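Protein chains in written order, with this note's numbering: chain A, 1128 to 1256; chain B, 5 to 209.
Glycine is no exception: its CB is placed at the ideal position from the N, C-alpha and C atoms.
Only a predicted model underlies this, so the values are computations on that prediction, with no experimental measurement involved.
Reading through the structure tokens given below for one structure.
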């Protein structure tokens, strides 16, 4: 089954440049519906009013971190508690990866990353394009 | 009080006294001390105990400040982060310039697959732009380090001025066990392959 490129994607990062980079890379792959949030709290608010099919989030954000966002999403309602969630972060210690996995992360990308890595992880999480 | 005499060390910044002048000063001090009504030994002892307690407290506070961390840990850490920023920005600029030059070369002699080749170079530019996030996080770490140095120095100054009793926490909330450490220095960084292996091991267990 190929991935529906019309799916709703939410990208979360407190650096606007990073949001643009990820949005543009997703656009190159073919994703059409990409929305942005600048921290975990804003992302949660957006998820209350809209269903997203994929979340790509940074970890190191304030006031709500990406890990806290992940935990809230997994503990939330049926609409989003199983949504594919990819952490894209510079937090590259083993304990970070373990903590994210224990919280239910779908995959983990370490910054800086290449377009190829992003696409590879999307294939792993969503299936072939 | 005897006045210092001008001696052979004229022009030297220190004041010079003769032996007999020094003896006279000491006698003057002894006389003044003896003229003060006798202080009971118990009072003197309690004053000395209080003085010792103050010295011990100050000593303990100075120990808590860990002033050695400034030169031993904070400054080297900030220097390493700055080096990593210089390296990352240089690498990113180099990557962006190379892609621009490649695009310039492609459009000057367009071929049949021009669009895909240009798009490939644009992707390289997007990838290079991720440096802004990483360097931003490194700068945040440096700012936090500078704040720590400021706290330590302020504590030391406060102690010297006798204004401070408590010392700020040695480490902030984000101590070594915190999961928020920002980007690792290049020599300590974990690779995507290492993370993938770790996740795979996690899935097997």
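Excluding the 5 residues preceding and the 5 following residue i in the sequence, name in chain order all residues of the same chain whose CB lies nearer than 6 Å to its CB.
i: residue 1217 (chain A); result: 1238
What is the rounded straight-line gap between the Cα of residue i and the Cα of residue j?
i: residue 93 (chain B); j: residue 103 (chain B); result: 15 Å
i: residue 1147 (chain A); j: residue 162 (chain B); result: 47 Å
i: residue 1163 (chain A); j: residue 58 (chain B); result: 57 Å
i: residue 199 (chain B); j: residue 128 (chain B); result: 23 Å
i: residue 50 (chain B); j: residue 156 (chain B); result: 32 Å
i: residue 39 (chain B); j: residue 29 (chain B); result: 15 Å
i: residue 23 (chain B); j: residue 31 (chain B); result: 12 Å
i: residue 1223 (chain A); j: residue 52 (chain B); result: 54 Å
i: residue 1240 (chain A); j: residue 134 (chain B); result: 8 Å
i: residue 1253 (chain A); j: residue 77 (chain B); result: 44 Å
i: residue 192 (chain B); j: residue 1180 (chain A); result: 35 Å
i: residue 1190 (chain A); j: residue 108 (chain B); result: 43 Å
Taking residue i as the reference, give the member of the options with the closest Cα.
i: residue 1172 (chain A); options: A:1130, A:1139, A:1144, A:1148; result: A:1139
i: residue 1234 (chain A); options: A:1130, A:1202, A:1197; result: A:1197
i: residue 1243 (chain A); options: A:1156, A:1144, A:1166; result: A:1156
i: residue 140 (chain B); options: B:48, B:187, B:154; result: B:187
i: residue 137 (chain B); options: B:116, B:154, B:26, B:89; result: B:89
i: residue 189 (chain B); options: B:80, B:74, B:35; result: B:80
For the alpha helix (DSSP H) containing residue i, list its first residue and its last residue.
i: residue 1216 (chain A); result: Residue 1216 (chain A) -> not in any alpha helix (DSSP H); beta strand (DSSP E) instead, spanning 1212-1216.
i: residue 1189 (chain A); result: It is not in any alpha helix (DSSP H) - residue 1189 (chain A) carries neither H nor E in the DSSP assignment.
i: residue 1224 (chain A); result: 1221-1229
i: residue 185 (chain B); result: Residue 185 (chain B) -> no alpha helix (DSSP H), and no H or E assigned at all.
i: residue 1252 (chain A); result: 1242-1253
i: residue 1208 (chain A); result: Here residue 1208 (chain A) belongs to no alpha helix (DSSP H), and DSSP marks it neither H nor E.
Among residues of its own chain, excluding the 5 on either side of residue i, which ones have a beta-carbon nearer than 8 Å to its beta-carbon?
i: residue 1106 (chain A); result: A question about residue 1106 (chain A) goes unanswered here, because the residues of chain A that appear run from 1128 up to 1256.
i: residue 1227 (chain A); result: 1186, 1194, 1197, 1214, 1235
i: residue 146 (chain B); result: 82, 85, 86
i: residue 3 (chain B); result: Limits of chain B in this structure are 5 at one end and 209 at the other, which puts residue 3 (chain B) out of reach.
Hey, quick one: how far does the beta strand (DSSP E) through residue i stretch, first residue to last?
i: residue 1131 (chain A); result: Counting along the chain, residue 1131 (chain A) falls outside any beta strand (DSSP E), and DSSP gives it neither H nor E.
Return the chain-ordered list of same chain residues with a C-beta closer than 7 Å to the C-beta of residue i, the five sequence neighbours on each side being excluded.
i: residue 132 (chain B); result: 96, 99, 100
TODO: Identify every run of the alpha helix (DSSP H) within the segment 67-130 of chain B, keeping only runs that are complete inside it and at least 4 residues long; order them along the chain.
DONE: For the segment 67-130 of chain B, the full-length alpha helix (DSSP H) segments reaching 4 residues or more read 79-112 along the chain.
Open item on the list: Could you tell me which whole beta strand (DSSP E) segments of length 3 or greater appear in the segment 26-58 of chain B?
Closed with: Runs of the beta strand (DSSP E) lying entirely within the segment 26-58 of chain B and spanning at least 3 residues: none are present.
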